[in-house]
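Colleague:
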Amino acid sequence: MIIVYESKTGFTKKYADMLAQKTKLKAYRVKELPKDIKDEEIIFLGWIKAGKIQGLGKVKKHNIKAVCASGTARNAEPDEETVIARNKIKGIPFFYLRGGCLPLKELQGMDKILLSMFLKMLKSRKDKDAKIEEAISNIENGFDGVREENLEPVLQWVSKNK
Numbered sequence: 001m002i003i004v005y006e007s008k009t010g011f012t013k014k015y016a017d018m019l020a021q022k023t024k025l026k027a028y029r030v031k032e033l034p035k036d037i038k039d040e041e042i043i044f045l046g047w048i049k050a051g052k053i054q055g056l057g058k059v060k061k062h063n064i065k066a067v068c069a070s071g072t073a074r075n076a077e078p079d080e081e082t083v084i085a086r087n088k089i090k091g092i093p094f095f096y097l098r099g100g101c102l103p104l105k106e107l108q109g110m111d112k113i114l115l116s117m118f119l120k121m122l123k124s125r126k127d128k129d130a131k132i133e134e135a136i137s138n139i140e141n142g143f144d145g146v147r148e149e150n151l152e153p154v155l156q157w158v159s160k161n162k
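First residue of the sequence shown? That's 1 in UniProt numbering, and the numbers climb one at a time after it.
#1: At which residue ranges does the UniProt domain "Flavodoxin" (2-128) contain complete beta strand (DSSP E) runs of 3 or more residues, listed in the order of the chain?
#2: Taking the Cβ atom as the reference point for each residue, do V146 and F11 lie within a distance shorter than 9 Å?
#3: How about the region 73-89 and the region 104-114: do they share at least three Cβ pairs that are nearer than 8 Å?
#4: Rounded to whole angstroms, what is the Cα-Cα separation between Y28 and N138?
#5: If you draw a straight line from the C-alpha of K35 to the C-alpha of L45, how long is it?
#6: Identify, in the order they occur along the chain, each residue of the same chain with its Cβ nearer than 7 Å to the Cβ of K52, setting aside the five sequence neighbours on each side.
#7: Distance check for I48 and D63, CA to CA, integer angstroms please.
#8: Taking W157 as the reference, give the member of S7, E140, L33 and C68 with the closest Cα.
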């Protein structure tokens, strides 16, 4: 069994590295995946963008045994069932890991444009609750929610399936 991950800003990589250290499994970035591991069992980690787990499509033909997705929110958004359906991973163990985001001022290109538009929409809402205020703060100031304890369910699954 190996760990394969896709990370853009480093939060998912932190989880992959932690998981590798705790399980003694090798971790590979998607683009560095050796060609000769076609049948190797994979725990995949990717980050969520609009409910899609980034990098998952690149390893779909491999032997994926579990999928972990990281995002800034406290829970998978819009919800776990939607993420599972959008990514066609029904029947595969799924774990959501709260990750993080860089401050808006550090982003570039389309990510910055889209997040700026999202931020403007959030700020214009009349019904701002604590969840929306937290989202606004996370986008403006950045946020790192990577915690070792978030990996606990994954580690339990690995110990039963290794």
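All C-beta atoms, glycine included, are put in the ideal place defined by N, C-alpha and C.
Modeller: Looking at the atomic coordinates:
#1: 2-5, 27-29, 41-49, 63-71 and 94-98
#2: Position 146 of the sequence shown holds residue 146. Position 11 of the sequence shown holds residue 11. Result yes, Cβ atoms of V146 and F11 sit closer than 9 Å.
#3: no
#4: Counting from one through the sequence shown, the residue named residue 28 turns up at place 28. Counting from one through the sequence shown, the residue named residue 138 turns up at place 138. Between Y28 and N138, the C-alpha separation is close to 28 Å.
#5: Translated into positions along the sequence shown, residue 35 becomes position 35. Translated into positions along the sequence shown, residue 45 becomes position 45. Computed Cα separation, rounded: 19 Å.
#6: Counting from 1 along the sequence shown, the entry for residue 52 is found at position 52. R86 and N87.
#7: Within the sequence shown, the letter at position 63 stands for residue 63. Within the sequence shown, the letter at position 48 stands for residue 48. Note that residue 63 is Asn in the sequence shown, not Asp. Roughly 21 Å between the two C-alpha positions.
#8: Here the question's residue 157 lines up with position 157 in the sequence shown. When each option's Cα is compared against that of W157, the closest is C68.
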